[in-house]
Each structure stands twice: as C-alpha cells, then as structure tokens.
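Below is one structure; the comments refer to it alone.
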Amino acid sequence: MLKNKLNLYFDAKNLSGFTFKIFQKLVSSQFTSLLKNKIERMSDKATLKIDGQEYEFPLITGTENETAIDVKALRAATGGVITIDPGYKNTGSCKSAITFLNGEEGILRYRGYSIEELADKASFLEVAYLLIFGELPTAEQLEKFHTDIKSKSIVDEDVKKIIDAFPKNAHPMGILSSLTSALVAFNPSSVNVDSDEEMYNAIVKIMGKFPVLVAWAMRKIEGMPLNYGSKSLGYVENVMKMMFEKPNEDYEINPIVKSALDKLLILHADHEQNCSTSTVRIVGSSHAGLFASLSAGISALWGPLHGGANQAVLEMLEAIKEDGGDTKKYMAKAKDKNDPFRLMGFGHRVYKNFDPRARIIKKAADEVLNDLGIDDPILDIAKGLEQEALNDPYFVERKLYPNVDFYSGIIYRAMGIPVEMFTVMFALGRLPGWIAQWREMRLGKEPIGRPRQIYTGENLRAFKTINNR
Ligand code: SDX
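For what it's worth, numbering that gives the first Met the number 0 labels the leading residue of the sequence shown as 0, then goes sequentially.
Below, the structure written as structure tokens:
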C-alpha cells in the first residue's frame with residue numbers, strides 16, 4: 000500500500016530514478032510503519048500525459064492518509080477528456096467525515112470510534128446520534144433526541160389504507176420503500192429543509208416513523224394488527240414490541256433479543272459510499288426531500304448483491320440443508336463461470352481481508368442461539384461453508400470472505416423474524432447512516448450528481464421513412 004502511494008507520489012514528483020532508488024531503499028527499511036502514518040507529501044500534484052502534453056492535477060489526502068487525484072478540472076484542461084470507471088471501483092464521489100473503512104486491514108469506524116467498541120458499549124440510538132451529529136451524545140442530548148423522536152412517531156392513519164392495498168405476499172422492502180415515499184405526502188414540511196430546525200425536524204420525524212413502518216410491513220405479511228410501541232420503552236424495545244406483540248398475550252421484552260438487535264442495528268448503521276448510500280446522496284443532490292431520498296436508498300438496498308444478500312444467504316443455506324448439507328456442490332456452482340450462482344454473503348467491494356462486522360455477528364450468533372436454547376443446523380452449515388471457502392484457492396485468490404450478510408440472517412431467524420424481513424432490518428439499521436450522509440451532502444452544498452459517459456452508439460444518420468426501412 001505504502002509503495003503504491005510512493006510510486007504515485009514519485010510519479011507525480013518525477014524525481015530522477017537514482018534519487019528514487021535511494022529513497023525507496025530507505026523506505027523499505029523498518030521506517031515503513033513510521034512513515035506510513037507520517038508520510039509528508041513532497042508534492043501535492045499528479046501529472047497526466049496525453050499526446051505528449053502534460054497536465055497537473057491536485058492530490059488530496061484524507062485524515063487517514065488516503066490519496067485522491069482531484070480531476071474536477073480534467074475535462075476543461077484537456078479539451079474534453081474524462082475518466083471512466085464502471086462500478087466506481089477506483090472513484091471517490093465525495094469527501095466524508097462520517098465513516099472510515101480500511102478494507103485491507105478490516106477496519107470500520109464511525110466518526111473515529113471503532114465498530115468493535117461501539118457494538119460492545121453503545122446503544123443504537125447513541126450511535127444514530129453520533130453518525131448524524133458527529134459526537135457521542137451527553138445524557139441530556141440523548142434524552143432530548145429520544146423525546147423528540149417519540150413525539151413524532153405517530154404515522155397518519157391514512158397510511159394504513161395504503162398498507163391495506165398491498166397483497167399479503169408483497170415483499171416488505173417494496174412496502175417499506177413505498178410507505179417511506181408516501182410519508183412525504185403526510186409531512187410536506189419535511190421536503191425543503193433549508194434551515195437547521197427544518198432539517199432536525201425532518202430527521203426526528205423519520206427516526207420516529209420509520210420503525211413503525213418497518214413493524215407494520217412485518218405485521219402486514221403476517222396478517223397481524225398494526226400497533227404502536229409504548230412511550231415508556233426505549234427505541235429498540237419499541238421496535239420489538241411493535242413487531243412481536245400478540246393481541247392475546249402479555250408482551251415481555253427478551254433481554255437477549257434486545258441486546259442482539261441493538262448490536263445488529265449498530266453494525267449495519269453506516270458503511271461509507273456503498274450502493275444504497277450513494278443512491279441516497281445522489282437523489283438528495285437534486286434537492287429531493289430526505290424521505291424521497293431514503294425511499295430510493297431502500298430500493299437500492301433491496302438488490303441481492305447488496306442488502307438483499309442476507310435473505311439470499313438464508314435461502315441458500317436452506318437449499319443446502321434440503322440438499323443433505325452438500326456444501327461442495329454449492330462451492331462448485333459458485334466457482335463455475337457458466338453458473339450465475341454466487342456464494343451469497345461472501346465477497347465485498349472494499350473488504351479484502353475480513354469484514355469486521357461478520358466476525359462480531361458470527362460470535363453473536365453463537366451466543367444468541369445458545370442463550371435462546373436454539374440448535375439451528377443452518378448455523379453449522381454456514382460455519383462449514385466458511386471453513387471450506389477460507390481454504391479454497393478460488394476464494395482465497397479473490398479475497399472472498401464472509402461479509403455482514405453471511406451470519407446476520409441466522410440471528411434474525413432465531414428472533415422469529417421472517418426471512419423476507421431480513422433486508423428490512425438492514426434498512427432499519429442503515430437509516431441513521433443514510434440520514435447522516437444525506438445531511439452531510441446537503442450541508443456541504445454539493446452540486447447535483449450527474450456523471451458523464453463515453454458514447455458508443457451510431458454516428459449521425461438520416462431519418463428513413465417507414466417504407467424505406
Ligand atoms: C453489502 O459496499 C458495501 O459496503 C456494502 C455493504 C454495506 O454495509 O453497505 O457491506 C453491504 O452489500 C455486502 C455484500 C452483500 N452481497 C453479497 O454477499 C452477494 C455476493 N457477493 C458478490 O456478488 C460480490 O462479492 C459483491 C457484489 C459483494 C462485490 O462485488 P465486486 O466488488 O464487484 O467484485 P466482482 O463481482 O467483480 O468479483 C470479483 C471476482 C469475480 O471473479 P473473476 O471474474 O475475477 O474470476 O470474484 C468473484 C467474481 O465472480 N466473486 C464471487 C463472489 N463474489 C465475487 N464468486 C463467487 N461467490 C461470490 N460471492
């Protein structure tokens with residue numbers, strides 16, 4: 000990593016080969032780790048050569064020493080040349096102070112705090128406040144945030160008419176995306192959030208109403224009455240009450256489930272510029288309101304290559320179980336280029352070592368199933384699959400490790416959440432991250448997102464009348 004940086008840096012610097020060789024020798028000594036953190040860029044420019052013409056572009060460096068070439072002026076400076084990068088594998092869309100990932104070292108931090116510490120010591124509402132406003136809340140700030148959220152958690156009764164119109168077998172992600180967008184109609188003041196107060200009100204409204212929509216989506220597919228939580232309960236406890244309470248039983252919060260759900264929501268809360276977050280930011284960049292932007296993000300998350308993977312993992316593990324636990328057959332399918340099947344819950348665009356969230360969730364899965372006295376063979380199949388993949392050259396060469404979605408569904412299932420709801424739970428966790436990223440984009444007054452393209456279609460041709468086609 001450091002050598003790449005230095006190559007980039009020296010390419011930019013165009014130092015003579017001799018000087019470069021000495022410095023490279025020095026750098027490859029034991030000073031590497033020191034320099035890694037203390038690299039003082041001797042040049043803040045990258046040089047690009049096109050048709051013999053050299054162009055210089057600024058290099059920018061983040062607080063964790065990541066480096067980017069700022070190509071804002073590229074097209075104007077070169078008379079029309081642009082970059083192209085399908086899937087944005089090498090392209091940053093923004094500067095952000097919210098979440099830091101290091102895929103090589105399996106690091107994930109929210110506003111500088113490690114995911115391990117937050118999952119272990121914080122509540123989901125504290126983490127939501129941290130992501131959105133940048134600091135861990137004091138007791139008073141947290142109390143006020145929760146009070147304001149609770150005061151806005153009533154959803155207009157007419158929303159139930161929309162829910163009634165859905166067929167019972169509707170996918171709850173489609174219900175959630177539709178209802179989130181529908182909230183705009185019932186909360187028009189949450190669209191143009193130019194002032195801090197309007198922005199704050201929109202944030203506490205969606206933080207209050209979204210868990211209700213999540214619970215009602217589950218109640219709809221289960222044919223259960225739509226209910227509310229209780230003023231006296233905490234944020235996550237209320238989600239549980241709205242989801243699981245039965246009209247004919249006294250509902251008691253299971254502390255094991257509550258603690259596991261808190262942890263799962265924290266682990267899903269943000270993840271820098273993933274597909275759904277980038278969607279929320281680009282939709283918001285047109286100054287569409289927060290709720291409309293979130294609705295778009297929910298749709299992006301639904302895809303099986305993204306958040307929909309947690310449902311696909313369980314379906315895959317169930318299929319393997321039905322198949323007599325023959326994991327080798329599914330490993331072969333995953334490696335067969337002619338077979339579209341992928342090992343769901345494996346691989347990641349950024350993590351090329353391990354997904355720290357998967358490690359925490361795997362440990363939690365063992366604890367929760369043990370505490371609930373559940374012996375789920377699916378967990379053993381998952382662990383077996385992981386072991387096989389970690390020792391298979393195909394997966395090792397491509398740095399494919401379990402990601403956040405590989406074990407999470409096993410815990411959701413143990414909690415009694417239906418498999419169609421797994422991605423909805425992902426969305427509930429990701430809500431504060433989406434809000435934080437949307438707020439950062441709007442406060443940063445970022446321009447509307449509008450990528451360029453390279454046209455590969457027909458050149459100019461004359462219209463042909465229908466008799467001549
Ligand atoms: C999430 O971005 C985020 O941060 C997302 C997320 C978040 O918190 O927001 O972390 C949440 O979306 C996690 C990912 C959940 N998706 C899955 O588990 C679906 C299965 N995984 C893959 O489809 C894939 O790994 C992706 C989509 C996650 C990443 O895809 P990339 O980075 O575009 O990589 P790729 O598709 O180019 O694959 C590189 C190679 C290919 O083989 P070759 O062509 O080089 O021979 O690895 C292979 C792929 O075929 N590969 C897999 C595989 N994942 C990649 N082969 C089999 N099984 C897999 N799961």
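Quick reminder that beta carbons are idealized off the backbone N, C-alpha and C, glycines included.
- Counting C-beta pairs closer than 8 Å gives fewer than three between the stretch 280-299 and the stretch 254-266, which falls short of the contact rule.
- When DSSP assignments are scanned along the stretch 76-146, the uninterrupted stretches of beta strand (DSSP E) that are 3 or more residues long and fall wholly within it turn out to be 98-101 and 106-109.
- For Y54, the enclosing beta strand (DSSP E) starts and ends at Q52 to T60.
- Bridge partners of A67 according to DSSP: I59.
- Going by DSSP, K44 is part of the beta strand (DSSP E) stretching over K44 to I49.
- Cβ neighbours of D155 within its own chain (closer than 7 Å, five residues either side excluded): F185.
- Taking a cut-off of 8 Å on C-beta distances, the stretch 171-188 touches the stretch 287-299, as three or more cross pairs fall below it.
- Following the DSSP letters along the chain, one finds E271 in no alpha helix (DSSP H), marked with neither H nor E.
- F290 sits in a helix when the DSSP states are folded into three classes.
- No Cβ-Cβ contact shorter than 8 Å links I49 with R451.
- DSSP, read as helix, strand or coil, puts P166 in coil.
- The criterion of a C-beta distance shorter than 8 Å is satisfied by Y112 and L129.
- Annotated three-state conformation of P401 is strand, per DSSP.
- The beta-bridge partner set that DSSP reports for F345 consists of P401.
- DSSP places M198 inside the alpha helix (DSSP H), whose first and last residues are D195 to E221.
- A distance below 7 Å between beta-carbons, with the five flanking residues on each side excluded, links Y250 to the following residues of its chain, in chain order: K240, F243 and E244.
- Only residues of its own chain outside the window of five on either side were considered, and among them A333 have a CB closer than 6 Å to the CB of L342, listed in chain order.
- Here the alpha carbon of V158 sits roughly 50 Å from the alpha carbon of L58.
- When the Cα atoms are used, V213 and R108 turn out to be separated by approximately 26 Å.
- In summary, P376 is exposed, with fewer than 16 beta-carbon neighbours lying within 10 Å of its beta-carbon over all protein chains present.
- A direct Cα-Cα distance of roughly 33 Å separates F421 from E139.
- DSSP places P446 outside both helix and strand once states are collapsed to three, so it counts as coil.
- Using a C-beta cut-off of 8 Å, the stretch 367-376 makes no contact with the stretch 428-438, since fewer than three inter-stretch Cβ pairs fall below that distance.
- By the CB criterion at 8 Å, V418 and E321 fall outside the cutoff.
- Taking every protein chain shown into account, the CB of N237 has 16 or more other CB atoms within 10 angstroms, so this residue is buried.
- Looking at G302, P224, A118 and I447, the one whose alpha-carbon comes closest to that of K160 is P224.
- In this structure, the beta-carbon distance from G408 to V256 does not fall below 8 Å.
- Relative to the ligand SDX, G86 has its C-beta within less than 7 Å of a heavy atom.
- For A72, there is no enclosing alpha helix (DSSP H), as DSSP marks it with neither H nor E.
- In this structure the stretch 323-333 does not lie against the stretch 85-93, because fewer than three pairs of beta carbons, one per stretch, are closer than 8 Å.
- For C93, the shortest C-beta to heavy atom distance toward the ligand SDX is 7 Å or greater.
- Counting only runs that start and end inside the stretch 387-432, there is no beta strand (DSSP E) element of at least 3 residues.
- Distance from the CA of G306 to the CA of K463, rounded to the nearest whole angstrom, comes to 47 Å.
- Distances between the C-beta of F99 and the heavy atoms of the ligand SDX are all 7 Å or more.
- When rounded, the separation of the alpha-carbon atoms in Y350 and G323 is 31 Å.
- Assigned with DSSP and collapsed to three states, E317 falls in helix.
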